[in-house]
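*Asks:* Have a look at this one.
There are 2 protein chains.
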Amino acid sequence: MAEHKVDIVCIIGTGLIGGSLALALKNTGFCKTIIGAGRTETTLQKAVELGVIDDYDTDISRAVANADIIVVSVPLGAMRAVFEQVNNGKRDDAIVTDAGSAKQSVIQDAEAMFGIGFDQFVAGHPIAGTENSGVTAAFAELYQQRRVILTPTDNTSTQAVDAVREMWQATGAEVETMDAAHHDMVLAGTSHLPHLLAFGLVDCLNNLEDVDEVFRFAAGGFRDFTRIASSDPVMWRDICLNNRDEVMAMMKRYRDEMEKMYRALEANDGEKLREIFERAKKVRDAFCD
Amino acid sequence: MAEHKVDIVCIIGTGLIGGSLALALKNTGFCKTIIGAGRTETTLQKAVELGVIDDYDTDISRAVANADIIVVSVPLGAMRAVFEQVNNGKRDDAIVTDAGSAKQSVIQDAEAMFGIGFDQFVAGHPIAGTENSGVTAAFAELYQQRRVILTPTDNTSTQAVDAVREMWQATGAEVETMDAAHHDMVLAGTSHLPHLLAFGLVDCLNNLEDVDEVFRFAAGGFRDFTRIASSDPVMWRDICLNNRDEVMAMMKRYRDEMEKMYRALEANDGEKLREIFERAKKVRDAFCD
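Taken in order, these protein sequences are the chains called S and Y. In terms of this note's numbering, the first sequence is numbered consecutively and its last residue is 1155. In terms of this note's numbering, the second sequence is numbered consecutively and its last residue is 1155.
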């Protein structure tokens, strides 16, 4: 029998992110038991049926009662209310972490609900996902060779950070730590802005006449480009609102960039356009496969 | 032996588009011989080595001399000069077509070089491609189940349209005809604007400090979203310049759309954001797989 350092992990929110974490932890035997929690009983029943979790409770305070590690993977807008229920039920020494895509707002929520002196909360963000959502989209390999960013504050216990790091490492992820503000800036650029751009493109084309025909002639590049526009609207609303300053700053930068291209096109300045395209191609080829 | 209706096809520009057409036509035995033409002898030699073309000539007027069908697949900016050389060498009854991503400008170029009375020119656009370019990226299956749009004018011979349609059908493509102006509007939205947005995003992030780190934390969504930013800069400069009015109109539409989102974010209007995201997701899910 494997020796478990961790007995019980409680995962609140068993969608793509929480469900895939549960499956990965089960596969590696990281803990003995995984308890699911959430609002919707049918989802939790489905998660048990699929072998994603061992048991569940729709009452979050009860679900977390015996957990060593509590993972909150709910939309950012629900974070604070869930933290409150976690705080009402958890053991004093339980470690709490989350999987939200913005980190400064989550740290504020945690401080408000657990108290500023609470050093067992470790803000975290697995940089992984697909455009699909829900427990049926979950799979154990989602985090393999993907990055997970932890953003501890000066106050966070080193031992708690180590425990959360080990949990994510068990899923096959590479774990790094960084400052929450820096995380939020980086993700605004590489994830939040691209999602807005993709949602915006589809909505913009949807307003054209002959919209059916417009999409009928879309090629493979369009499918790839707009894939992230099939992401969960509520989750993305919450991400935008919770990383509002960084997202707005990135949108302004982008508006200036597009304005530069528009002016070049207006002036028939092909050299300028080629220069921008070539620089972008070079950078993209260097960073992506 | 197969009975060929077409003896010789001459393909000017044996990159991804021209090379893949050549391979597909060879596989199906659509014609007896494929002659390549282009500026760079090493590329044409490579195309012969790879079995893409049977023979070549770097002198376009000579290359087209015996061709039944002449396909011009060069960047839009080179179209007019190539048409001039084609006109100097082709048989009177030869059919000429192209594979450019904008159609009104190509029709103007054709009218200028072949004369407005010339009814054997059929403007065409295969809606297919990858972010890779050059003859080594060519493959015979590129056009299977993809759409090819032909944009004949009132002046174009029906028999010439039929011949070009049959050629593309031999590659496995579905061929449709539409008005050139309509084509240019549709493609500005589904292809030209997305390419500008992707080039713009990469260039915009490239100006950030810590650019290396920014790209290091990019997830799969970012890779998909920016794939088209690895496309050929000269080809895309030419597309933008040659479909300038439609691209600028689409950029303006898009700017308004993003402004709408920015205002919603500024006003903390989550309901508005969710509404846009939901509408976009619904449309995208309906049209794409």
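Ideal placement from N, C-alpha and C gives every residue a C-beta, glycine not left out. Predicted, not measured: the structure shown is a model, and the values here were computed from it.
1) CB HIS1058 of chain Y to CB VAL1113 of chain Y, shorter than 7 Å?
2) Does the Cβ of ARG1140 of chain S have 16 or more other Cβ atoms within 10 Å, making it buried, or fewer, making it exposed?
3) Spell out the partners DSSP gives ALA978 of chain S in its beta bridges.
4) From ASN932 of chain S to VAL875 of chain S, what does the alpha carbon distance come to, in whole angstroms?
5) Please classify ILE990 of chain S: does DSSP put it in a helix, a strand, or coil?
6) Alpha carbon to alpha carbon, how far is GLY943 of chain S from ALA1152 of chain Y? Give it in angstroms, no decimals.
7) For the beta strand (DSSP E) containing ARG1013 of chain Y, name the first residue and the last one.
8) Label THR1022 of chain Y either buried or exposed according to how many other C-beta atoms from any shown protein chain fall within 10 Å of its C-beta, with 16 as the threshold for buried.
9) For ASP1045 of chain Y, tell me which candidate among Y:CYS897, Y:SER971, Y:PHE1081, Y:ILE878 has the shortest Cα-Cα distance.
10) Going residue by residue through the stretch 908 to 986 of chain Y, where are the continuous alpha helix (DSSP H) segments of at least 4 residues, counting only ones entirely within it?
11) Comparing the C-beta of MET850 of chain Y with each C-beta of chain S, is any distance below 7 Å?
12) Below 8 Å on the Cβ atoms is my guess for ILE878 of chain Y versus ALA888 of chain Y; work out the distance and round it to an integer in Å.
13) Roughly how many angstroms separate the alpha carbons of GLU915 of chain S and ASN953 of chain S, rounded to a whole number?
14) When the cut-off is 7 Å and only beta carbons count, does PRO1099 of chain S lie next to chain Y?
15) Per DSSP, ALA903 of chain Y is paired with what?
16) Taking only three categories from DSSP, how would you classify LYS871 of chain Y?
17) Would you report the Cα separation of ILE1015 of chain Y and PRO992 of chain Y, rounded to the nearest angstrom?
18) Of all the CB atoms in chain S, is at least one closer than 7 Å to the CB of TRP1102 of chain Y?
19) Counting only beta-carbon atoms, is TYR1009 of chain S nearer than 7 Å to chain Y?
20) Please say whether LEU1008 of chain S and ALA989 of chain S have beta carbons closer to each other than 7 Å?
21) In whole angstroms, what separates the C-alpha of THR924 of chain S from that of PRO1018 of chain S?
22) Touching or not, the stretch 1074 to 1081 of chain Y and the stretch 1033 to 1048 of chain Y, by the rule of three or more beta carbon pairs under 8 Å?
23) Cutting at 8 Å between CB atoms, please list the residues of its own chain near LEU1107 of chain S, excluding the five before and the five after it.
24) Alpha carbon to alpha carbon, how far is VAL938 of chain S from LYS871 of chain S? Give it in angstroms, no decimals.
25) Could you please give me the residues that DSSP links to THR1043 of chain Y through a beta bridge?
26) What's the call for GLY1147 of chain S, buried or exposed, on a 16-neighbour Cβ count within 10 Å?
27) Inspect the beta-carbon positions of PHE1065 of chain Y and PRO1060 of chain S and report whether they are closer than 7 Å.
28) Fully enclosed by the stretch 1053 to 1101 of chain S, which alpha helix (DSSP H) runs are 4 residues long or longer?
29) Spatial neighbours of THR1002 of chain Y within its chain, please: C-beta separation below 8 Å, excluding the five flanking residues on both sides.
30) I'd like to know whether the C-beta of ASN998 of chain Y is nearer than 7 Å to at least one C-beta of chain S.
31) Could you check what DSSP says for CYS1154 of chain S in three-state terms: helix, strand or coil?
32) With 16 as the cutoff for other CB atoms within 10 Å, does ASP1157 of chain S come out buried or exposed?
33) Return the Cβ separation of SER999 of chain S and LEU882 of chain S in integer angstroms, given the expectation that the two are a contact with Cβ distance under 8 Å.
34) Under 7 Å, Cβ to Cβ, is there at least one residue of chain S near MET867 of chain Y?
35) Measure the alpha-carbon distance for ARG1013 of chain Y versus GLY1087 of chain S and round it to whole angstroms.
*Replies:* Based on what the coordinates show:
1) It is a contact, given that the beta carbons lie within the stated cut-off.
2) The residue in question, ARG1140 of chain S, is buried, as its Cβ has 16 or more Cβ neighbours within 10 Å.
3) According to DSSP, ALA978 of chain S bridges with nothing at all.
4) One C-alpha to the other measures close to 9 Å.
5) It is worth fixing the name first, because residue 990 of chain S is Gly in this sequence and not Ile. It is a strand residue.
6) So the two alpha carbons sit approximately 28 Å from each other.
7) Counting along the chain, the beta strand (DSSP E) containing ARG1013 of chain Y begins and ends at 1013 to 1016.
8) THR1022 of chain Y should be labelled buried.
9) A check of alpha carbon separations from ASP1045 of chain Y across Y:CYS897, Y:SER971, Y:PHE1081, Y:ILE878 identifies Y:SER971 as the nearest.
10) For the stretch 908 to 986 of chain Y, whole alpha helix (DSSP H) runs of length 4 or above, ordered along the chain, are 926 to 929, 945 to 955, 970 to 980.
11) Here chain Y comprises residues numbered 867 to 1155, so residue 850 of chain Y is not present and cannot be evaluated.
12) About 11 Å separates the beta carbons of ILE878 of chain Y and ALA888 of chain Y, which is beyond the 8 Å limit, so they are not a contact pair.
13) Distance between GLU915 of chain S and ASN953 of chain S, taken at the CA atoms: about 29 Å.
14) Chain Y, which has a Cβ nearer than 7 Å to the Cβ of PRO1099 of chain S, makes this yes.
15) Answer is Y:ILE878, Y:ASP923.
16) Reduced to three states, the DSSP call for LYS871 of chain Y is coil.
17) Approximately 6 Å, taken between the alpha carbons.
18) Interface residue, yes.
19) Among the CB atoms of chain Y, none fall inside 7 Å of the CB of TYR1009 of chain S.
20) No, Cβ-Cβ distance for ALA989 of chain S and LEU1008 of chain S is not below 7 Å.
21) Whole-angstrom Cα-Cα distance: 29 Å.
22) Contact fails between the stretch 1074 to 1081 of chain Y and the stretch 1033 to 1048 of chain Y, because fewer than three Cβ pairs, one in each stretch, are under 8 Å apart.
23) The residues are LEU942, GLY943.
24) For the pair LYS871 of chain S and VAL938 of chain S, the Cα-to-Cα distance works out to about 20 Å.
25) Paired residue(s): Y:LEU1016.
26) It should be pointed out that residue 1147 of chain S corresponds to Lys in this sequence rather than to Gly. It counts as buried.
27) Not closer than 7 Å, so no.
28) List check, alpha helix (DSSP H) in window: 1059 to 1072, 1077 to 1082, 1086 to 1092.
29) LYS912, LEU916.
30) Output row for ASN998 of chain Y: interface = no.
31) Of the three classes helix, strand and coil, the one that applies to CYS1154 of chain S here is coil, per DSSP.
32) This structure leaves residue 1157 of chain S out entirely; chain S is present only between 867 and 1155.
33) Correct: roughly 5 Å between the Cβ atoms.
34) Any reading at MET867 of chain Y needs caution, since the residue's pLDDT is 38, under 50, leaving its predicted position unreliable; the model's value is listed next. It does not: the Cβ of MET867 of chain Y has no partner Cβ on chain S nearer than 7 Å.
35) Rounded to the nearest angstrom, the two C-alpha atoms are 14 Å apart.
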